[in-house]
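Please read the structure below before turning to the comments.
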Amino acid sequence: MSAFRAGDLLHVTRAASVQFVRPIMFRLIRVLDRPTFDGWLWLDGYQVNKKGDAVARREVFVQPAGLRKLPPVAPASRRAGR
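Numbering-wise (the working numbering), the sequence shown opens with residue 1310 and increments by one.
As structure tokens, then:
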């Protein structure tokens, strides 16, 4: 079982998988229970932008040793409309 939990914000880089030449931030929904090679995981979640808004739902195949947990992104303050 992995040390990752739903809601974790992860920095996914080339260290996690060669497909991430451009790093992304990823909000984890769940670790998928799929057969994989030893040392790899399937993750289900959302790619998020710098504001923490979801921009795409994704499933990614990564090595957990290459992932880095990020601190939560605080939601942007919103002005009340009148």
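Positions of the beta carbon are idealized from the N, C-alpha and C atoms, including for glycine. Please read these numbers as outputs of a predicted model, since none were measured by experiment.
Pairing H1320 with P1344, the inter-Cα distance amounts to about 23 Å.
Contact between Q1372 and W1351 is absent: CB atoms are separated by about 12 Å, not below the 8 Å threshold.
A residue is called buried once 16 or more other Cβ atoms fall within 10 Å of its Cβ, and D1362, having fewer, is exposed.
In this structure, E1368 is the residue among P1381, P1380, E1368 and V1382 with its C-alpha nearest to the C-alpha of Q1328. Our two residues, R1336 and A1374, have alpha carbons roughly 17 Å apart in a direct line.
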